[in-house]
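Numbering (my numbering), first residue to last: 4 to 300. C-beta: ideal position from N, C-alpha, C; glycine also. From a predicted model like this one, the values you see are computed outputs, not experimental measurements.
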């Protein structure tokens with residue numbers, strides 16, 4: 004075989020190898036790859052590039068793991084395909100559901116995303132892009148970043164979750180609508196559960212969530228306290244990806260329900276009500292436990 008033929012053969016071999024070499028499905032990189040846990044696609048093994056509090060979208064793996072329905076569906080242990088999963092659909096506001104399913108961090112995008120009305124600032128009427136963050140929310144009301152700054156300058160922490168940590172009677176004195184007896188029931192269940200399975204940060208945030216829902220016109224005033232306590236842990240866990248094995252602490256959905264002696268479906272139903280009451284969403288910075296802040300986008 005002549006040298007020219009050998010060179011041509013070697014060139015064809017290199018071209019075939021290049022064609023067959025796996026590449027990141029998001030950026031096309033062919034070096035230092037891994038497969039995603041959720042969908043098995045090739046992706047950059049690059050979470051080490053992310054700098055704490057930088058909020059830079061410079062990690063393909065982090066972007067897919069933290070900001071897609073695909074990864075959320077897997078972390079929550081949902082059955083079937085994420086594209087038509089009703090539990091994924093119920094977990095988010097429509098605007099965020101569409102964004103998580105169609106942003107550039109997906110390998111496969113959500114087909115036929117549902118339509119939604121844009122979110123407007125309650126005070127000035129500006130359109131708020133929920134995926135960009137910076138806004139504040141309380142109940143059904145949203146404030147744009149500018150109006151949020153103006154409000155906080157006058158009223159302090161008025162639109163963030165209540166950081167009230169006193170005894171139930173003291174809380175009742177602060178807010179006449181607060182129901183101290185129901186709060187005490189929930190805390191009596193939440194504290195030992197968090198001590199046994201979670202940590203002090205979860206215990207504190209569970210207490211704060213109990214404060215938010217224990218008012219006289221709340222749905223949480225009826226039904227078994229065990230069901231609502233389980234719903235609180237599950238709702239807070241959805242914000243913090245508690246069921247993700249990569250997190251510490253983490254728990255499986257059935258184990259949370261078992262810890263309170265309730266059915267999974269009952270717990271999920273209460274959690275859905277709580278999410279709607281407090282406008283919770285996955286990765287919500289307002290309800291991210293401090294130990295996981297650096298893992299949020």
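Across the set 124, 101, 125 and 108, the C-alpha of 101 shows the shortest separation from the C-alpha of residue 116. Contact check for residue 263 and residue 229: beta-carbon distance about 5 angstroms, within the 8 angstroms limit, so the pair qualifies. Residue 274 sits close to residue 237, with the two beta carbons spaced by under 8 angstroms.
Between the alpha carbons of residue 261 and residue 30 lies a distance of about 42 angstroms. In the DSSP assignment, residue 38 falls within the beta strand (DSSP E) that extends over 36-38. Within the region 84-126, complete alpha helix (DSSP H) segments of at least 4 residues are found at 89-93 and 97-105, given in chain order. A Cβ-Cβ separation of about 4 angstroms places residue 119 in contact with residue 97 under the 8 angstroms criterion. Per DSSP, residue 145 is not a residue of any alpha helix (DSSP H); the beta strand (DSSP E) it occupies stretches across 144-146. Residue 277 has no beta-bridge partner at all, per DSSP. Cβ neighbours of residue 32 within its own chain (closer than 7 angstroms, five residues either side excluded): 26 and 47. A straight-line Cα-Cα distance of about 34 angstroms links residue 146 and residue 268.
When 249, 255, 212 and 251 are compared, the shortest CA-CA separation from residue 232 is found for 212. In the three-state DSSP reduction, residue 218 falls in the strand class (E or B). If you ignore the 5 residues before and after residue 252, its C-beta comes within less than 8 angstroms of the C-beta of 200, 201, 202, 205 and 245, all in its own chain and listed in chain order. By the neighbour-count definition (other C-beta atoms within 10 Å, threshold 16), residue 182 is a buried residue. Contact between residue 285 and residue 242 holds, with the beta-carbon distance rounding to 6 angstroms and staying under 8 angstroms. Across the set 185, 293 and 210, the C-alpha of 210 shows the shortest separation from the C-alpha of residue 193.
Nearest to residue 136 by C-alpha distance, out of 99, 109, 107 and 113, is 99.
Within the same chain, 29, 66, 67, 70 and 71 come within 7 angstroms of residue 108 by CB-CB distance, once the 5 residues on both sides are set aside. The three-state reading of DSSP puts residue 63 in helix, counting H, G and I together. Following the DSSP letters along the chain, one finds residue 231 in no beta strand (DSSP E) but inside the alpha helix (DSSP H) bounded by residues 228-242. Around the beta carbon of residue 83, fewer than 16 other beta carbons sit within 10 angstroms, so the residue counts as exposed. The beta carbon of residue 76 is closer than 6 angstroms to those of 85, 88 and 91 in its chain, skipping five residues each way along the sequence. Per DSSP, residue 259 is one residue of the alpha helix (DSSP H) stretching across 256-263.
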